[in-house]
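Residue numbers (the numbering used here): 15 to 81. See below for the structure under consideration.
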């Protein structure tokens, strides 16, 4: 996967995780949000070590852009 795509995929994952974690119960069922986070984590855990490392680095770089 190209570096530019990696950057956008990492940002999308961060934004989805933030949405699922911090959306209020009026916007999203809390149980559904938790299930979504667990599924996301399960899928990401299937990545090989090099890909996980690359994704972690990308997420860390994306993180400071969020309050």
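Idealized CB from N, CA, C, for every residue including glycine.
Of the candidates 67, 78, 37, 37 places its Cα closest to the Cα of residue 47.
When rounded, the separation of the alpha-carbon atoms in residue 55 and residue 18 is 22 Å. Residue 35 sits close to residue 51, with the two beta carbons spaced by under 8 Å. Counting along the chain, the unbroken alpha helix (DSSP H) around residue 48 starts and ends at 44-59. Using a 10 angstroms sphere on the CB of residue 75, the tally of other CB atoms stays under 16, which defines it as exposed.
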